[in-house]
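Protein chains in written order, with the working numbering: chain A, 1241 to 1336; chain B, 543 to 735. These notes concern the structure reproduced below.
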Amino acid sequence: MLIINCPWCGDRPEIEFRYGGEAHIARPADPATLSDEEWAEFLYNRTNPKGRHAERWRHIHGCGRFFNAVRDTVSDFFVATYKPGEPRPDLKETQP
Amino acid sequence: MLDISRRPLPPAASPLDALAGAAKAVPAASLRALPASARLAFRGGERAAGLAGIAFGVELPREACRFNTASGKLALWLGPDEWVLLAPGLDPAPLFEGIEASLGSEPHALVDISSRSVGIELSGARAAFVLNQGCPLDLSTAAFPVGMCTRTIFAKSEIVLIRTAPDAFQIDVWRSFAAYVWGLLEEARREFE
Ligand SMILES: [Zn+2]
Chain A
1241 MLIINCPWCG
1251 DRPEIEFRYG
1261 GEAHIARPAD
1271 PATLSDEEWA
1281 EFLYNRTNPK
1291 GRHAERWRHI
1301 HGCGRFFNAV
1311 RDTVSDFFVA
1321 TYKPGEPRPD
1331 LKETQP
Chain B
543 MLDISRRPLP
553 PAASPLDALA
563 GAAKAVPAAS
573 LRALPASARL
583 AFRGGERAAG
593 LAGIAFGVEL
603 PREACRFNTA
613 SGKLALWLGP
623 DEWVLLAPGL
633 DPAPLFEGIE
643 ASLGSEPHAL
653 VDISSRSVGI
663 ELSGARAAFV
673 LNQGCPLDLS
683 TAAFPVGMCT
693 RTIFAKSEIV
703 LIRTAPDAFQ
713 IDVWRSFAAY
723 VWGLLEEARR
733 EFE
């Protein structure tokens, strides 16, 4: 079973968690000023990288918190997890 | 108009009454349906948590996945701003009012969830082994020591798991899932009959 490190609870089995989509997507401050294309870009278009992806997870069957994780979409390896509000960690040196 | 405000609710029967009555004695993994308990869900910041702990009589733990206990009452950490206060055998109403009064205008949420779940005690030398038939956590005392509690999964049900002794666990499960969890625990401990 995949082990995910909750920033509050520590290492826990993956079935306690739910995926929450890509992280660090800021809602536009004033949506009324956006064109339809810009609004659609915010709503639907994601980076979908092959490799490291910053994404939101929720420890729903644990502490209930949302947090962010950097996961490799090829190997499914969790490179890092961090609390909401913290910047995406610079992980150039750490290699799984 | 029908006045229902003064009619006290009859105490709800436990969904485990019939099952617990028919349970075999298995000392290696003993199952017991716990008596009714007051349960309060509390959410709030640091200051509110401090005040609530004083009013409840048990300090709310700030360390993740730990509980504090005093005079039979337990304060369980469930999240960084979320606790469950357990008081076995006590009436929730005066506890609720006492905590509410002590908090004044301090922002918080306090909800009486006494009837939402029921308690099960699993104890004996093989208690952790039996729990692991449905719970994927590492239940060694190194990873899950006495004094630890957490929300987790047992098979397809969410539970709150509390370790009260090296070979004793308390499980809090939503009442509609209680018979399901009890049945799976019964099945898991059959090899120790
Ligand atoms: Zn957690």
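Note that the Cβ used here is the ideal one computed from N, Cα and C, for glycine as well.
Range covered by the alpha helix (DSSP H) that runs through residue i
i	result
Arg717/B	717-730
Trp1279/A	1276-1284
Pro634/B	634-645
Leu561/B	559-563
Cβ neighbours of residue i in the same chain (closer than 8 Å, five flanking residues each side left out)
i	result
Ala651/B	Ala583, Phe584, Arg585, Gly586
Lys566/B	Glu735
Pro622/B	Ala606
Arg1311/A	Arg1292, His1293, Glu1295, Phe1317, Phe1318, Val1319
Leu645/B	Gly586, Ala590, Leu593, Ala594, Ala597, Leu652
Ala576/B	Reading off the sequence shown, one finds Leu at residue 576/B, where the question assumed Ala. Excluding residues within five positions, the ones whose Cβ falls inside 8 Å are Pro630, Val660, Gly661, Ile662, Glu663, Gln712.
Glu728/B	Leu561, Ala565, Leu573
Arg608/B	Trp619, Gly689, Met690, Cys691
Arg658/B	Arg581, Trp716, Arg717
Ala707/B	Ser665, Val688
Gly614/B	Ala629, Pro630, Gly631
Residue span of the beta strand (DSSP E) that contains residue i, given as start and end
i	result
Gly621/B	615-621
Ala669/B	Not the beta strand (DSSP E): Ala669/B falls in the alpha helix (DSSP H), residues 669-673.
Cys691/B	691-696
Phe1307/A	1306-1312
Gly587/B	Note, Gly587/B: premise wrong, no beta strand (DSSP E); not H, not E.
Ala629/B	624-630
Ser659/B	659-665
Ala651/B	650-654
Thr611/B	609-612
Glu733/B	No beta strand (DSSP E) holds Glu733/B; DSSP gives it neither H nor E.
Ala1294/A	1292-1298
Expected contact under 8 Å - CB spacing of residue i and residue j to nearest Å
i	j	result
Arg1267/A	Ala1294/A	At roughly 17 Å, the Cβ-Cβ gap does not stay under 8 Å, so Arg1267/A and Ala1294/A are not in contact.
Val1314/A	Leu1331/A	About 15 Å; that fails the 8 Å criterion.
Ala617/B	Leu627/B	5 Å
Cys691/B	Ile704/B	4 Å
Asp709/B	Ala669/B	5 Å
Trp716/B	Leu558/B	No, Trp716/B and Leu558/B are not in contact; Cβ-Cβ is about 12 Å, not under 8 Å.
Ile1255/A	Pro687/B	Going by Cβ atoms, the distance from Ile1255/A to Pro687/B rounds to 23 Å, so no, they are not a contact pair.
Gly1302/A	Thr683/B	The pair is not a contact, with the Cβ atoms about 20 Å apart (cut-off 8 Å).
Gly1260/A	Arg1298/A	5 Å
Collapsed DSSP secondary structure at residue i in the structure displayed
i	result
Val568/B	coil
Ile713/B	strand
Ile1243/A	strand
Thr1273/A	helix
Gly1261/A	strand
Arg1267/A	coil
Phe1317/A	coil
Leu602/B	coil
Ala578/B	coil
Gly595/B	helix
Glu700/B	strand
Glu1256/A	helix
Thr683/B	coil
Thr1287/A	coil
Asp1251/A	strand
Same chain, Cβ closer than 6 Å to residue i, neighbours up to 5 away in sequence not counted
i	result
Ala580/B	Ala629, Leu632, Pro634, Leu637, Ser656
Ile1300/A	Arg1258
Ala697/B	Gly676, Leu726
Arg1286/A	Glu1262
Ala720/B	Pro557, Leu558, Val660
Interface flag, residue i vs chain C, CB-CB below 9 Å
i	result
Trp1248/A	The structure shown has no chain C; the protein chains it does contain are A and B.
Contacts around residue i, its chain only, beta-carbon distance under 7 Å, and the 5 residues preceding and following it disregarded
i	result
Ala1263/A	Ala1294, Glu1295, Arg1296, Asn1308
Lys1290/A	Thr1313, Val1314
Ala612/B	Gly599, Val600
Pro569/B	Gly666
Leu681/B	Ala670, Leu673, Asn674
Ala571/B	Leu664, Gly666, Arg668, Ala669, Val672, Arg731, Phe734
Where the region 697-708 of chain B meets chain A: residues whose CB sits under 8 Å from a CB there: Glu700
Chain-ordered residues of the region 1250-1264 of chain A with a beta carbon less than 7 Å from chain B: Pro1253, Ile1255, Glu1256
Against chain B: residues of the region 1289-1312 of chain A by CB proximity under 8 Å: His1301, Gly1302, Cys1303, Gly1304, Arg1305
Where the region 616-634 of chain B meets chain A: residues whose CB sits under 7 Å from a CB there: Leu620, Gly621, Pro622, Glu624
Any heavy atom of ligand 2 within less than 6 Å of residue CB: hits in chain order: For the structure depicted, ligand 2 is absent and the ligand set comprises only ligand 1.
Short-range partners of chain A found in the region 595-608 of chain B, where Cβ spacing is below 8 Å: Ala606, Cys607
Members of the region 657-678 of chain B near chain A, C-beta cut-off 7 Å: Pro678
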